[in-house]
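First comes the structure, then the notes that go with it.
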Amino acid sequence: MVSHPAVSQNVHATSPPLWLLAELTYRCPLQCAYCSNPLAFTRHQNELDTEAWFDVLRQARAMGAVQLGFSGGEPLIRKDLEALVSEARQLGFYTNLITSGVGLTAQRVDALAEAGLDHIQISLQAADPELAQVLAGSAKAHANKLAMAKAVKAAGYPMVLNVVLHRHNIDQIGDLIALCDELGADAVELANCQYYGWAFLNRQALMPTREQLLYAEAETNRWREALAARGRDMSLLFVVPDYFEQTPKACMGGWGSIFMTVAPDGAVLPCHSARDLPMAFPNAQETPLKDIWYQSDAFNRFRGTQWMPTLCQQCDNRDKDYGGCRCQAYLLTGDMNATDPVCQYSPDHGLIQNLLAENAQNPHDQDALIPRNARQSKRLQAATAELIHRQ
Amino acid sequence: MSQQVTSSHQDVYQLRRGWRLQWEAAQECHVILYPEGMVKLSATAGEILQQVDGQQSVGDIIATLQQRYPDADTLADDVVQFLDEARTNGWLAVKEAQHG
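Here the protein sequences come in this chain order: A and B. For what it's worth, our numbering labels the leading residue of the first sequence as 155, then goes sequentially. For what it's worth, our numbering labels the leading residue of the second sequence as 116, then goes sequentially.
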């Protein structure tokens, strides 16, 4: 049998997804100004029901996905979380719960363990309750997080603590690491927020200064040495905002390459930020996941190198950074086909340099943060509609 | 950050809590799964790790595999070298050090 070379090449070019991010809900008790959910999250309030999620899990697993993140919003809001974990675990997924810890109780920690949950990642906003309240909009959340981190550890789970860093908490980095150490974390992610969704909206108020970054990185290294010296096995991952880099990140390991997000309403996305791009995404309630992954325009759009600007096509890094992040290209240049402006060779790299120059002058202003909540989401959508109407 | 280790034939290992060995049909290989990550294993690595059960000592594992592959003359060294690496990577726990 003679196969058509172009077709067979295409079939081999796309490997199955390895990661499924199940965003169970956009509802959340916290209001973090750096949330990665879309600004217009209130527009997508119809959540998949339990059976629909079971179907998504079965399809994704059959395709080869093996790492599964339950996220949101706050996934603990879903009463069927235990049932979903149980089904996922039986299918052979490695199940990660990515949570703020709000809504967690010691009983629920045990129930989730019984359902087969493999790992819980809890996020912390700050090292002290006062700042945590300013950042997350909840007075009780911080104390509950600490209690639940202890319960998670006591139940025998491996525990990763995650802190999103920004201008207002990054100087606390030493206290944050000390707190994670005290809570018994196995690993700590100290990740500066990347500027998408609400974090893009609040970028000016969130971006740390270069001096803050250098201090935080040095402090992290000092802690690494101190932990190693006393034989404490707690890894520290420090991530700088990519605006400060010269080469763009290999976003999601390449568009439609290993990662698939299913949003609360069933929209299927190549990453959880992609919803803000000016393109249509298929829905798991209408189209089989397999067809979406292999056949849809949305997932094929930025695969390979054909779509790339000439600059990227001719660059030796095209198979390493894949032209950078599509969402970032769109947010900064208005063109989702452009080279990621983080790249030093991008014709738009000056945009980043200007932002960094302005950033050094920005005031340190917590009050400027716009909280991520339904009221602000609706206000922003109305403001956008108004703007379009005026044009 | 883990210290370099050397396994003795008496050591008894099990997978670290929260780490899982699994055959993945889509990848056609064994994988190690852990919080938010995965490592694909070579056929040899998969074979060795399948023997790590919290019961067999390193010496037992070598004997089991030697029986299966009598012609592999560097097998004992290969097994120790791989288990050292696996332990350095944080995949394994020493059985006696486990609580509960």
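Idealized CB from N, CA, C, for every residue including glycine. Because the structure is a prediction, the values reported are computed rather than measured.
Nearest neighbour of residue i, chosen from the options [CA to CA]
{"i": "Arg378 (chain A)", "options": "A:Leu355, A:Glu399, A:Cys481, A:Leu344", "result": "A:Leu344"}
{"i": "Phe247 (chain A)", "options": "B:Arg131, B:Ser123, B:Ala141", "result": "B:Ala141"}
{"i": "Gly420 (chain A)", "options": "A:His503, A:Ala305, A:Thr179", "result": "A:Thr179"}
{"i": "Leu509 (chain A)", "options": "A:Ser531, A:Tyr499, A:Leu486", "result": "A:Leu486"}
{"i": "Gly227 (chain A)", "options": "A:Thr249, A:Val263, A:Tyr188", "result": "A:Tyr188"}
{"i": "Glu236 (chain A)", "options": "A:Glu440, A:Leu431, A:Leu271", "result": "A:Leu271"}
{"i": "Ser122 (chain B)", "options": "B:Leu156, B:Ile177, B:Gln137", "result": "B:Ile177"}
{"i": "Tyr397 (chain A)", "options": "A:Asp335, A:Leu238, A:Pro432, A:Leu360", "result": "A:Leu360"}
{"i": "Asp473 (chain A)", "options": "A:Thr401, A:Met490, A:Ala483, A:Arg533", "result": "A:Thr401"}
{"i": "Glu241 (chain A)", "options": "A:Thr204, A:Ile231, A:Pro229", "result": "A:Thr204"}
{"i": "Thr253 (chain A)", "options": "A:Leu230, A:Lys444, A:Val263", "result": "A:Leu230"}
{"i": "Ile412 (chain A)", "options": "A:Val393, A:Leu391, A:Phe453", "result": "A:Phe453"}
{"i": "Arg376 (chain A)", "options": "A:Leu333, A:Ile327, A:Ala216", "result": "A:Ile327"}
{"i": "Asp286 (chain A)", "options": "A:Ser531, A:Gln520, A:Gln535, A:Leu534", "result": "For the record, residue 286 (chain A) in the displayed sequence is Ala; it is not Asp. Closest by alpha carbon: A:Gln520."}
{"i": "Arg386 (chain A)", "options": "A:Leu423, A:Gln358, A:Ala341, A:Ala370", "result": "A:Ala341"}
{"i": "Ile524 (chain A)", "options": "A:Leu355, A:Val210, A:Ala265", "result": "A:Leu355"}
{"i": "Gly338 (chain A)", "options": "A:Ala305, A:Gln358, A:Tyr369", "result": "A:Ala305"}
{"i": "Arg357 (chain A)", "options": "A:Gly477, A:Glu512, A:Thr196, A:Pro170", "result": "A:Glu512"}
{"i": "Pro424 (chain A)", "options": "A:Pro442, A:Arg457, A:Glu440", "result": "A:Arg457"}
{"i": "Gln439 (chain A)", "options": "A:Asp470, A:Val422, A:Leu431", "result": "A:Val422"}
{"i": "Leu381 (chain A)", "options": "A:Asn491, A:Gly408, A:Glu336", "result": "A:Glu336"}
{"i": "Glu371 (chain A)", "options": "A:Pro395, A:Gln348, A:Ala353, A:Met388", "result": "A:Pro395"}
Chain B residues whose Cβ lies nearer than 7 Å to that of residue i
{"i": "His273 (chain A)", "result": "Gly133, Pro150"}
{"i": "Pro170 (chain A)", "result": "Ala141"}
Inter-residue CB distance, residue i and residue j (contact presumed, cutoff 8 Å)
{"i": "Gln366 (chain A)", "j": "Ala290 (chain A)", "result": "Their Cβ separation, rounded to whole angstroms, is 21 Å, which puts Gln366 (chain A) and Ala290 (chain A) out of contact at 8 Å."}
{"i": "Ser190 (chain A)", "j": "Gly351 (chain A)", "result": "5 Å"}
{"i": "Gln275 (chain A)", "j": "Asn323 (chain A)", "result": "Actually they do not touch by this definition, with Cβ atoms about 18 Å apart."}
{"i": "Tyr128 (chain B)", "j": "Lys210 (chain B)", "result": "7 Å"}
{"i": "Val256 (chain A)", "j": "Pro183 (chain A)", "result": "5 Å"}
{"i": "Phe208 (chain A)", "j": "Ala176 (chain A)", "result": "Phe208 (chain A) to Ala176 (chain A), Cβ: 11 Å. No contact."}
{"i": "Arg429 (chain A)", "j": "Pro362 (chain A)", "result": "Wrong, their Cβ atoms sit about 26 Å apart, outside the cutoff."}
{"i": "Leu230 (chain B)", "j": "Glu200 (chain B)", "result": "Residue 230 (chain B) lies beyond the residue range present for chain B, which begins at 116 and ends at 215; the question has no answer from this structure."}
{"i": "Ala187 (chain B)", "j": "Arg132 (chain B)", "result": "31 Å between Cβ atoms; not a contact."}
{"i": "Arg202 (chain B)", "j": "Val120 (chain B)", "result": "5 Å"}
Separation of residue j from residue i, as counted between CA atoms
{"i": "Pro463 (chain A)", "j": "Ala434 (chain A)", "result": "22 Å"}
{"i": "Ser292 (chain A)", "j": "Lys299 (chain A)", "result": "12 Å"}
{"i": "Glu373 (chain A)", "j": "Asn346 (chain A)", "result": "15 Å"}
{"i": "Gln125 (chain B)", "j": "Gly174 (chain B)", "result": "6 Å"}
{"i": "His214 (chain B)", "j": "Glu268 (chain A)", "result": "Here His214 (chain B) scores only 40 on pLDDT, less than 50, and its place in the model should not be relied on; the value that follows carries that caveat. One C-alpha to the other measures close to 19 Å."}
{"i": "Leu202 (chain A)", "j": "Pro418 (chain A)", "result": "6 Å"}
{"i": "Ile331 (chain A)", "j": "Ser277 (chain A)", "result": "13 Å"}
{"i": "Ser500 (chain A)", "j": "Arg364 (chain A)", "result": "22 Å"}
{"i": "Pro159 (chain A)", "j": "Thr168 (chain A)", "result": "Caution applies to Pro159 (chain A), whose pLDDT of 37 falls short of 50 and renders its modelled position unreliable; the value that the coordinates give is listed next. Pro159 (chain A) and Thr168 (chain A): Cα-Cα distance of roughly 15 Å."}
{"i": "Pro312 (chain A)", "j": "Val154 (chain B)", "result": "17 Å"}
{"i": "Ala212 (chain B)", "j": "Val167 (chain B)", "result": "At Ala212 (chain B), the pLDDT of 44 sits below 50, so the modelled position is not reliable and the matter cannot be decided from this model."}
{"i": "Asn250 (chain A)", "j": "Arg455 (chain A)", "result": "29 Å"}
{"i": "Asp475 (chain A)", "j": "Ala214 (chain A)", "result": "26 Å"}
{"i": "Gln545 (chain A)", "j": "Ala528 (chain A)", "result": "At Gln545 (chain A) the pLDDT is 49, less than 50, meaning the model places this residue with poor confidence; the figure from the coordinates comes in the next sentence. Each residue's Cα considered, the two are about 26 Å apart."}
{"i": "Leu172 (chain A)", "j": "Gln467 (chain A)", "result": "26 Å"}
{"i": "Val318 (chain A)", "j": "Val393 (chain A)", "result": "10 Å"}
{"i": "Leu156 (chain B)", "j": "His503 (chain A)", "result": "40 Å"}
{"i": "Thr493 (chain A)", "j": "Met414 (chain A)", "result": "22 Å"}
{"i": "Val496 (chain A)", "j": "Leu465 (chain A)", "result": "14 Å"}
{"i": "Gln182 (chain B)", "j": "Gln165 (chain B)", "result": "15 Å"}
{"i": "Arg262 (chain A)", "j": "Leu333 (chain A)", "result": "23 Å"}
{"i": "Gly234 (chain A)", "j": "Lys532 (chain A)", "result": "Sequence inspection shows Asp at residue 234 (chain A); the Gly mentioned does not correspond to that position. Distance between the alpha carbons of Asp234 (chain A) and Lys532 (chain A): 28 Å."}
{"i": "Gly218 (chain A)", "j": "Ala281 (chain A)", "result": "39 Å"}
{"i": "Lys444 (chain A)", "j": "Cys481 (chain A)", "result": "24 Å"}
{"i": "Leu245 (chain A)", "j": "Arg135 (chain B)", "result": "14 Å"}
{"i": "Leu390 (chain A)", "j": "Gly152 (chain B)", "result": "16 Å"}
{"i": "Ala265 (chain A)", "j": "Leu258 (chain A)", "result": "11 Å"}
{"i": "Glu143 (chain B)", "j": "Pro436 (chain A)", "result": "29 Å"}
{"i": "Gln535 (chain A)", "j": "Ile446 (chain A)", "result": "28 Å"}
{"i": "Leu174 (chain A)", "j": "Gly477 (chain A)", "result": "23 Å"}
Within chain B, partners of residue i - CB distance below 8 Å
{"i": "Gly218 (chain A)", "result": "Glu139, Ala140, Ala141, Gln142"}
Residues that residue i contacts on chain B, provided the C-beta gap is smaller than 9 Å
{"i": "Gln221 (chain A)", "result": "Leu148, Glu151, Gly152, Met153"}
Below-7 Å beta-carbon distance, residue i vs any chain D residue
{"i": "Ala237 (chain A)", "result": "Within the model displayed, chain D is absent; protein chains A and B are what it includes."}
Near-chain B residues of the region 294-314 of chain A - C-beta to any C-beta below 8 Å:
Gly310, Tyr311, Pro312, Val314
Give me the subset of the region 240-256 of chain A whose CB atoms are less than 8 Å from a CB atom of chain B, sorted by chain position.
Gly246, Tyr248, Asn250
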